[in-house]
Structures are given as C-alpha cells and as structure tokens.
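Protein chains in written order, with full-length UniProt numbering: chain A, 1 to 257; chain B, 1 to 257.
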C-alpha cells in the first residue's frame, strides 16, 4: 500500500485525485486546500484538509500547485515522506528542503471540469535519490501505461515542445475562430478538420503531413489569403509561419511574403 | 439515380470515390486519370478511364485535381452534365466554360492511403444556377451528414481559417518534433497531448482553453524557454506567438519578448 497526500486543488490535482482514488494498493490519504471553496470539488469523495497542522502521514506528498508557488509550498511542508511536484518547467531543486524529492509530471493538458483517462497520459518521473525511483514508478504505473524517466533538462525541453504543440496550436484555433466570427461562419465547421489534423500524427510524420499553399510555394493563394486577413497580427503570423514552412521545403531562395 | 464521374486520382479523388462507391442511388460511372500509374489505386474497384474521348455521360463531373489545374481541366472538358470542383481556394469562375457549374468542397485534410469517414466531413456547396443546388445537395447528403451552402467569398475565408487550424498547427507539430529530436526525446510522448488539445475544442472555446506561460505572462518561463531554443526560426516564432497570446490577455502594456 502506498499512501498519498495531494497538495493543491486545481485541474491537475483534480485529475490526479480522480486517477488515484480507489486504485488497488493506493491510499489517497487526503487533499490539502487553502479554503473551503477550493476543496468543494473533492468533498464527499476524498478526505479534505484545510489545516497544515493536520496533514496525515503519507509515503508520497504530491505538490500540484502553480509553478511559482511550488518552492513556497515545499518550504512550508514539514513531512518525512517523499515530496514530488507535477510541473513541466520547474526544476527538482525547488523541493531542495526535502532530501527525498522527485517529479511526477503528467505530460497532458488539464481542463476544469474535464477528467482525463490517465492510462494514456505520459508520466515523466525524476528522483533526487535513485532508491526513491521504485516507489514513484510503482505509483506511476498504477495510474498510467506510459511511465518514463525524464530528467530535469529533458523535462524542460519537453515543456517547450509542449508549448508549441499545445499552447501555440490552441492559439491557431483561436485565430481560426476569430476569422470565422468576423465572417459570420460557425467555427464548429472546422472541428472535423482540427480533429483529423491531430489524429493524423500517429500514422504520418508532421513533415509528411504538411499540406497547404506554403509548402507548395503557391504564391497566388498565399497573396490571396493575405488580402483576406484584416487583422494585422493575423497577417504577421500568416507571413512568418508560411515563410518558415516554405523554407522547410528547401525553397529558401524563393520570394518571401 | 445520380451518375458521377471523378476527374483526378489524388487523395481527394480517392476519398470521394471511396465515399461514393456502392451508395444507393449513386452510380460512380468512372474515374479519369492521366496515366496507368495514376489510376492503379482504383483498378478493380471503379471503371478507370485514361482517354478523354471515352468519358461516360454523367449527371455530375467532379474535378478533383490540383488548384492550378482546375481551369485547364474544365476548359478541356466537353460534357453536358454539371461540372464541379473540390477546392477551398478556387472560385466558381474557374469553371466558366460550363453553364451548369458548382463547388463540392470537402472541408477536411486528406492523406495518401488514409480513407476518412465522409459522414463527418463538412461538404461546402455552391452552384452558379440555383436550380442545380438540388442535385448537388442530394449528392452531398448521400455521403455526408454535414452539408452546407457556402458561397465563394465564404469559402475563401474558410480556407484561410483552415490554413491556421490545419497547416499551421501541423507546422507546430513539426517544430515540436524537431525540438524532441534535437534532445533525443521520442516525439510520440507528445501524441496524447496533441490529441487532447484537439479533442478539447468541442467542449471549450479556444480562448478558454488557452494555457501556458504566455497567457499567464510568466516571463520567467518564457525567457527560460528562449534560452533552450537553439534554432533561430523557432525562437522568432516562439516570441511572436507568445506576444500575440500575451496581448490577447489584455496585457499589451507589459514587457514583450
């Protein structure tokens, strides 16, 4: 039996609690929140704790709070078990108060009110003392089929890559929606395209999947699109990304937008 | 019964043929290709035609060729039925040789060797003579549950929006893969994140789904990421898109990258 306390009540904490709750040989001993309101999601499901003095003893404490609060929470935590955080961009050293420290980073995007199937979430694990890997890996394997050892340097790189494929991709959706809205078109007409673009990735490399006027160096269509884009920010992005795609096709000597 | 001839043998033609083949009250009379090699995919399944003089009579001729070949193919076509093309960015006037002309644009990305379930593909229809809409709509509804009337102006705007959510998103995947490769990380670790980013769109607007250091104006993480990006093109895109996301959060007076 591995006992776990989660510190934090946000989307990651909610998803972790949901994944850990009721799993054989795991005991979710409690969730620590800052206020009654913050723990309302968990009430009736998990032992909620509002008082730091009442944190139960546990094998692993998972700090699932905002990046810039991790160090502060870690420093305030007086416990004997292992302490891990769940961040992609914060180093292991933020937990340096605790000899037994590690990282338990779920490489996924979590949304309020949406519980993800954790079995498919890559769990990126790191420990300070190698002997702590066994228990963290056991915990990881209980909830996910994709447990990997990723050190801090790799994790930071992964986080940058994640910013491109998630944050920036989502911003492309935002622009697509803005263009639709400005022209009285329903953004939902693009949902099947958005889903297929992502689904393709498992059978085709993104280089091979690249289509559109930029990769074809179809200047007529590219210029036509620019005349349709009225927002200067959209135009700037359109030019820059199109030129980057054109260049990836070894057409660097061709006319740029 | 509606008889159809497809002109072209690429990904769109293959997917259309697969969707139309065997459907009740549709007769796929033939596929016209330029060479034996080009029609090999269809042989044994559909009547393949290599000689323009042997094009069968049909109710609808679907020109599914590259954008810049549509006008030329249309001009070479001496037929009496209705002639439509399948392009998002070419106007109806490319078919001006034919009085009965229209557009039959599937708003989806098609990949060699991958046949899509057409039922979910938005079919964007346009006709020159209003009386031709009935037959085109009947054809559309036979293969898709999402038939819409979209005129040339709207279609061109949709195509720009599609470039952002498909072409540019796919390029974000390419960069994610390059960052992984440069650091000996397997790109496939990002697949679940990519899929969930797209899946989210049906339950959450992209504005509400935006996460990451840029929307939080987390300059420490943003600058940290820039130190990790070695490719100048990646750095430029990272700065531009991050600044756009920051600005969307009404933080326009804050420090830019």
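All C-beta atoms, glycine included, are put in the ideal place defined by N, C-alpha and C. All values derive from a computational prediction rather than experimental measurement.
Straight-line spacing of the CA atoms in residue 73 of chain A and residue 92 of chain A works out to 14 angstroms. A direct Cα-Cα distance of roughly 8 angstroms separates residue 202 of chain B from residue 188 of chain A.
Around the Cβ of residue 146 of chain A, a 10 Å sphere holds 16 or more other Cβ atoms; the residue is buried. A residue is called buried once 16 or more other Cβ atoms fall within 10 Å of its Cβ, and residue 227 of chain B, having fewer, is exposed. Looking at the DSSP output, residue 163 of chain B bridges to nothing.
Of A:79, A:6, A:87 and A:46, the smallest CA-CA separation from residue 53 of chain A is found for A:79.
For the segment 187 to 202 of chain B, the set of residues with a beta-carbon nearer than 9 angstroms to any beta-carbon of chain A comprises 187, 188, 189, 190, 191, 192, 193, 194, 195, 196, 197, 198, 199, 200, 201 and 202, in chain order. For residue 19 of chain A, not one C-beta of chain B is nearer than 8 angstroms to its own C-beta. If you draw a 10 Å sphere on the C-beta of residue 181 of chain A, you find fewer than 16 other C-beta atoms in it, and that means exposed. Between residue 126 of chain A and residue 88 of chain A, the gap from beta carbon to beta carbon reaches 8 angstroms or more. Looking at the DSSP output, residue 124 of chain A sits in a beta bridge with A:105 and A:148. At least one CB of chain B lies nearer than 8 angstroms to the CB of residue 209 of chain A. For a Cβ distance threshold of 8 angstroms, nothing in chain A lies close to residue 75 of chain B: the least Cβ distance comes to about 18 angstroms. Taking a C-beta distance under 8 angstroms as the contact criterion, residue 213 of chain B and residue 192 of chain A do not qualify as a contact pair. Annotated three-state conformation of residue 91 of chain B is coil, per DSSP.
Neighbours of residue 13 of chain B in chain A, taken as residues whose beta carbon is under 9 angstroms from its own, are absent, since the nearest beta carbon is some 15 angstroms off. Counting the other Cβ atoms within 10 Å of the Cβ of residue 156 of chain A gives 16 or more, which makes it buried. Among the bridge pairs identified by DSSP, residue 195 of chain A is matched with none. When DSSP states are grouped into helix, strand and coil, residue 138 of chain B belongs to the helix group. Among the residues facing chain B, residue 41 of chain A is not included, as its CB has no counterpart in that chain under 8 angstroms away. Contact annotation: in the segment 119 to 145 of chain B, residues whose CB is within less than 9 angstroms of a CB in chain A are 120, 121, 122 and 124. In the three-state reduction of the DSSP assignment, residue 111 of chain A falls in the strand class, which pools E and B. At a cut-off of 8 angstroms between C-beta atoms, residue 9 of chain B does not count as an interface residue with respect to chain A. Assignment of beta strand (DSSP E) within the segment 5 to 93 of chain A, counting only whole runs of 3 or more residues, yields 26 to 32, 60 to 63 and 82 to 85 in chain order.
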